[in-house]
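J.: Those protein sequence lines, which keep their order, are chains F and W. Numbers in the numbering used here are just positions in the first sequence, counted from 1, shifted up by 17. Numbers in the numbering used here are just positions in the second sequence, counted from 1, shifted up by 330. All C-beta atoms, glycine included, are put in the ideal place defined by N, C-alpha and C. Small disclaimer: the values here were computed from a predicted structure and weren't measured.
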Amino acid sequence: MSARRFAAMSRFNVASLALGLAFLYLPIVILVIYSFNGSQLVTVWGGWSLRWYTAFFNDEAMLTAAGTSLRVAAVSATLAAVLGTLAALALVRGERFKGRTLFSGMLYAPLVMPEVITGLSLLLLFVALGAERGFWTVTIAHTTLTMCFVAVIVQSRLGSIDRSLEEAAMDLGCGPVKAFVAVTLPLIAPAIAAGWMLAFTLSLDDLVIASFTTGPGSATLPIRIYSEVRLGVKPEINAICALIIGAVTLAIVTASLATKLSSRRGGNAAPM
Amino acid sequence: MGPLSETTPQASADAALPLLRIDTVGKQFGGFTAVDGVSLDIKAGEFFALLGPSGCGKTTLLRMLAGFETPDTGRILLHGEDVARMPPHQRPVNMMFQSYALFPHLNVRDNIAFGLRRAGMPRAEINARVAELLALVRLEGLEKRRPEQLSGGQRQRVALARAVARRPQLLLLDEPLAALDKKLRDSTQRELLALQRKLGLTFIVVTHDQDEAMTLADRIGVMNAGRLAQVATPRQLYEEPRSRWVAEFVGDVNIIEGRIETREAGRLRVTTQGAGALTALAPRHLGDAADVCVAIRPEKIRVSQRAPAQDFAAGTINRLEGTIANVSYLGSVSSYTIALDGGATLRASLANAARVSADAYAVGQRVTAWFAPEDCIVLDR
C-alpha cells in the first residue's frame with residue numbers, strides 16, 4: 018500500500034521534474050535545433066545545415082564583437098579573481114579590523130543591485146572622470162560586477178581551512194608570504210578557478226552594464242546581437258547563441274567540478 | 331640552519347643556563363589576562379607538561395613559545411637568547427598542533443619533508459631523513475598517502491614525524507593525544523615517551539588530562555587563571571600539593587576545613603566541624619593563619635569494621651566512625667562514601683585485591699575509617 022503510494026508520488030515527481038526542465042530548456046533546445054536550420058527564414062524549417070555557422074565565421078563585424086567579448090571576459094575575470102581573492106582574505110583572515118561587517122555587507126551589494134543602476138552609476142563615474150569609453154571601461158565595469166562573486170566563493174573556501182595549517186608552515190620555516198603561497202594558495206586555488214569561470218561567464222553574458230559603459234568600436238557580442246535583432250532576427254543569430262550556450266555550459270560545468278574538487282581536498286574528508 | 335645542527339655553541343658556553351627560561355611572561359587579550367607573570371625554567375632533555383583546565387592560559391603560553399603570540403611583558407630565553415619577539419619561522423622550536431595541521435594537498439612524505447626542504451637540505455639527505463622518520467613512527471609504505479586516507483592514529487604519527495624532522499631544540503605539543511580514543515592513547519603515550527628518550531629532545535606538552543601529564547612528564551606545571559599554581563614532579567604534585575586548588579585539581583581528595591588548636595613536636599591538632607579533632611604532620615610551608623583545611627587522598631584512608639589495635643590516645647592515628655552511604659565498584663578499586671557521625675563525608679577507595687573480598691562493605695554498614703597523620707595534607711584555606 019505504502020509502496021504503491023510511494024511509486025505514485027515518484028511518478029508525480031518525475032512528471033513535475035520533466036515539466037520544469039522542459040520549461041527551462043525547451044526554448045534553448047529549439048534555438049539550438051533552429052541554429053542548424055537551412056532556411057532563410059527563422060521560423061520555417063528548411064532541413065539540416067551548417068550554413069549559418071559558416072555565415073557567422075564570415076561575418077567580420079560579429080567576429081570582432083565576439084573577440085572583444087572574449088577579451089573583456091578574460092581580462093575582467095582575471096582582475097576579479099585577484100581582487101576578489103584579496104577581499105576574501107581580508108574578510109576571513111583580518112579578524113581584528115574594524116568595520117569588517119560593513120565591508121562584508123558592501124561586498125555583497127553588487128550581487129543584488131539592479132544592473133541598470135550599476136551600469137548607469139559607472140557611466141556617470143566614467144563621464145565624470147573624463148575617461149574615454151571603450152574596452153577598458155567595459156572591462157572595469159565587469160570587474161566591479163564579478164569580483165564580489167569571486168570573493169563569496171573564495172571566502173567560503175577560506176573559512177573552511179584550518180588556520181593552524183598556515184601556522185604549521187610558519188613553524189616549519191616559512192615566512193608569512195611563503196606560508197600563504199605554499200599552503201593556503203594551493204588549497205583555495207580550485208575556488209579561485211571556479212570564481213574565475215563564473216566571472217568569465219557573467220561578463221560574456223552581460224548586455225546591460227556593457228551597453229552603458231562601452232564606446233564606439235568596442236561593442237561586445239551581446240550588444241552586437243541585440244542591435245542586429247532590433248532590425249529583425251537573422252538565423253545567424255541562432256548559430257551564435259548556440260555557440261555561446263556551449264561555451265557557458267562548459268565554463269559552468271568546469272567551475273562546479275573545480276568547487277567539488279576543492280571541497281573534497283579540504284580537511285578531514287572521507288577517503289575516496 | 332640552526333634547528334638542524336646537532337650541537338649549539340651557546341649550549342656548551344653557557345652550561346649554567348637552562349635550555350629555556352620563561353621570565354615573568356604575561357599576555358593580555360583585550361582586557362582579559364591570559365598569562366599572568368609566568369616564570370619557569372626547562373632543562374635540556376626534559377619532558378615537561380603544562381596541565382590545567384581549559385582557559386587557564388596553557389595554550390597561550392605554548393603559542394608564545396612557538397612565536398604565534400608575542401608576550402606583552404617578560405622574556406623568553408632560549409640558550410640565553412631572548413626570542414620573545416622572534417617570528418616563528420626563525421625559532422629553533424617546532425610544534426605539533428592539536429588538529430595535527432597536516433597539509434591536505436601533500437602526501438605523507440611531502441608533509442614530513444616540508445620543513446627540511448625549507449631549510450635547504452640536500453635532496454639525498456632529505457630522503458634519508460624521511461625514511462628514518464617513517465621507520466621511527468612505523469609508517470613505512472604509507473608515504474604516498476594523503477592525510478585524508480589515514481586513520482587518526484596514523485595522522486598523529488605523521489604530525490609527530492613532521493614536528494621532529496628538523497631536530498628542534500624544543501618540541502611543543504598541543505594536546506597531542508586528545509583526538510585519539512582511550513586504547514590508542516595508552517599505547518601512543520608509551521611511544522611518545524620512547525621517542526623523546528631516543529631522540530633526546532626537550533618536550534613541552536600542553537594537556538588538560540592529568541593522567542596523561544602524570545604518565546609522560548618528568549615535571550608538571552599546573553596552571554590556573556594564567557598563573558603557575560605549582561611546578562613539581564608528578565609524585566610531589568599528588569602527595570604534596572601546595573594549595574587547596576592544586577589538591578582538588580590533581581586527583582581525588584577529601585577536604586575537611588578546620589582550625590589549628592595546638593602545634594607541638596611537629597604535629598598539628600586541627601579541630602574540624604564534621605570530623606572531630608584530627609592530628610596531622612606539620613607541613614614545611616604553612617602560613618600563620620589558624621584557619622586551614624585538611625586534605626586526605628581517598629586511597630590513604632583505611633576502612634574496617636573493627637578499629638585497628640593501635641594506640642589512638644597517643645594521637646598516632648586518626649580514627650573516625652561512620653556509616654557507608656554509597657558504594658561504587660570500579661573494577662580495580664571500590665569507592666566508598668562514608669557519612670561520618672560528626673556530619674562530614676569521606677570518600678575512601680580500596681583496592682579489590684582479591685576476587686572474593688572480605689573487605690567489601692554494604693550500604694548502611696557501620697565502619698571505622700582511619701588514616702595516619704602523615705597522610706593528612708594541611709593547606710591554607
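#1: Between the stretch 403-437 of chain W and chain F, which residues of the former have CB atoms less than 7 Å from a CB of the latter, in chain order?
#2: Using a Cβ cut-off of 7 Å, pull out every chain F residue sitting near F444(W), in sequence order please.
#3: Name, please, each residue of chain W whose Cβ falls closer than 7 Å to the Cβ of V200(F).
#4: Which first and last residues belong to the beta strand (DSSP E) in which N54(F) is found?
#5: First and last residue of the alpha helix (DSSP H) that includes N457(W)?
#6: When you check each C-beta in the stretch 203-225 of chain F against every C-beta of chain W, which residues fall closer than 7 Å?
#7: Using alpha carbons as the reference points, say which of L546(W), D440(W), V467(W), Q560(W) lies closest to A199(F).
#8: Please return the same chain residues whose Cβ sits closer than 6 Å to the Cβ of T354(W), not counting the five positions on each side in sequence.
#9: Would you mind telling me which residues of chain F sit closer than 7 Å to A396(W), beta carbon to beta carbon, in chain order?
#10: Enumerate, from N- to C-terminal direction, the unbroken beta strand (DSSP E) stretches of 3 or more residues contained entirely within the stretch 658-689 of chain W.
#11: Short check: CB of A595(W) to CB of I647(W), under 9 Å?
#12: Taking 9 Å as the threshold (beta carbon to beta carbon), is E77(F) in contact with chain W?
#13: Using a threshold of 9 Å, state whether the C-beta atoms of W213(F) and A98(F) are closer than that.
#14: Between the stretch 161-182 of chain F and chain W, which residues of the former have CB atoms less than 8 Å from a CB of the latter, in chain order?
#15: Just the chain W side, please: which residues come within less than 7 Å of G111(F) by C-beta, in chain order?
#16: State yes or no: is the beta carbon of R448(W) nearer than 9 Å to at least one beta carbon in chain F?
#17: N437(W) to A524(W), Cα distance in whole Å?
#18: Could you round the C-beta distance between I226(F) and E132(F) to whole angstroms and report it? I think they count as a contact, below 8 Å.
#19: Write down the C-beta distance between L545(W) and Q519(W) rounded to the nearest angstrom, noting that I regard them as a contact closer than 8 Å.
#20: Whole angstroms are fine: how far does the CA of F444(W) sit from the CA of R492(W)?
#21: Determine the closest residue to F53(F) out of L43(F), A39(F), T71(F), with distance taken between C-alpha atoms.
#22: Output yes if chain W places a C-beta closer than 9 Å to the C-beta of G192(F); else output no.
#23: Select from the stretch 132-144 of chain F all residues with a C-beta closer than 9 Å to any C-beta belonging to chain W, and list them in chain order.
#24: Is it right to say A678(W) is buried, meaning 16 or more other beta carbons lie within 10 angstroms of its own, or is it exposed?
#25: Rounded to whole angstroms, how far is the Cβ of G151(F) from the Cβ of G84(F), which I believe are closer than 8 Å?
#26: Rounding to the nearest angstrom, what Cα-Cα distance links R557(W) and K630(W) in this structure?
#27: Verify whether the separation of the beta carbon atoms of A158(F) and G136(F) is less than 9 Å.
#28: What does DSSP give as the partner residue(s) for A379(W) in the beta ladder?
#29: Rounded to whole angstroms, what's the CA-CA distance from T60(F) to I50(F)? Just pull it up for me.
#30: Taking the alpha-carbon positions, what's the A210(F) to R485(W) distance?
#31: For the alpha helix (DSSP H) that Q566(W) lies in, which residues bound it at each end?
#32: Based on DSSP bridge pairs, tell me the residues matched to D621(W).
#33: Q683(W) to S662(W), Cα distance in whole Å?
#34: Spatial neighbours of A343(W) within its chain, please: C-beta separation below 8 Å, excluding the five flanking residues on both sides.
#35: Roughly how many angstroms lie between the CA atoms of E470(W) and R487(W), to the nearest whole one?
#36: Between A547(W) and A396(W), which are expected to be in contact by the criterion C-beta below 8 Å, what is the C-beta distance as a whole number of angstroms?
T.: Checking against the coordinates, here is how it stands:
#1: Only P418, H419, N424, M425, F427, S429, A431, F433, P434, H435 from the stretch 403-437 of chain W bring a Cβ to less than 7 Å from some Cβ of chain F.
#2: Those within 7 Å of F444(W) in chain F are L189.
#3: F433
#4: Neither: N54(F) is in no beta strand (DSSP E) and is coded neither H nor E.
#5: Run containing N457(W): 453-466, per the alpha helix (DSSP H) assignment.
#6: P203, L204
#7: D440(W)
#8: Excluding positions up to five away in sequence, the list reads G367, S369, G404.
#9: D188
#10: Taken in chain order, the whole beta strand (DSSP E) runs of length 3 or more contained in the stretch 658-689 of chain W are 663-670, 675-681.
#11: no
#12: no
#13: yes
#14: D179, S181, L182
#15: Those do not exist, as G111(F) stays about 17 Å from chain W at its closest Cβ, beyond 7 Å.
#16: yes
#17: 26 Å
#18: 5 Å
#19: Here residue 545(W) is Thr; the residue named in the question, Leu, does not match the sequence. About 5 Å separates the two Cβ atoms, so the contact holds.
#20: 8 Å
#21: Just measuring C-alpha positions, the residue of L43(F), A39(F), T71(F) sitting nearest F53(F) is T71(F).
#22: yes
#23: If the cut-off is 9 Å between Cβ atoms, the stretch 132-144 of chain F has nothing near chain W.
#24: buried
#25: Going by Cβ atoms, the distance from G151(F) to G84(F) rounds to 14 Å, so no, they are not a contact pair.
#26: About 30 Å.
#27: Contact annotation: A158(F) and G136(F) have beta-carbon atoms nearer than 9 Å.
#28: V535(W), I550(W)
#29: Distance from the CA of T60(F) to the CA of I50(F), rounded to the nearest whole angstrom, comes to 12 Å.
#30: Spanning the two alpha carbons is a distance of roughly 29 Å.
#31: 564-569
#32: R589(W)
#33: In the sequence under discussion, the amino acid at residue 683(W) is Ala, which differs from the Gln named in the question. When the Cα atoms are used, A683(W) and S662(W) turn out to be separated by approximately 8 Å.
#34: At A343(W) the pLDDT is 45, less than 50, meaning the model places this residue with poor confidence; the figure from the coordinates comes in the next sentence. Cβ within range, chain order: n/a, list empty.
#35: 11 Å
#36: Not quite, the Cβ-Cβ distance comes to about 19 Å (not below 8 Å), so this is no contact.
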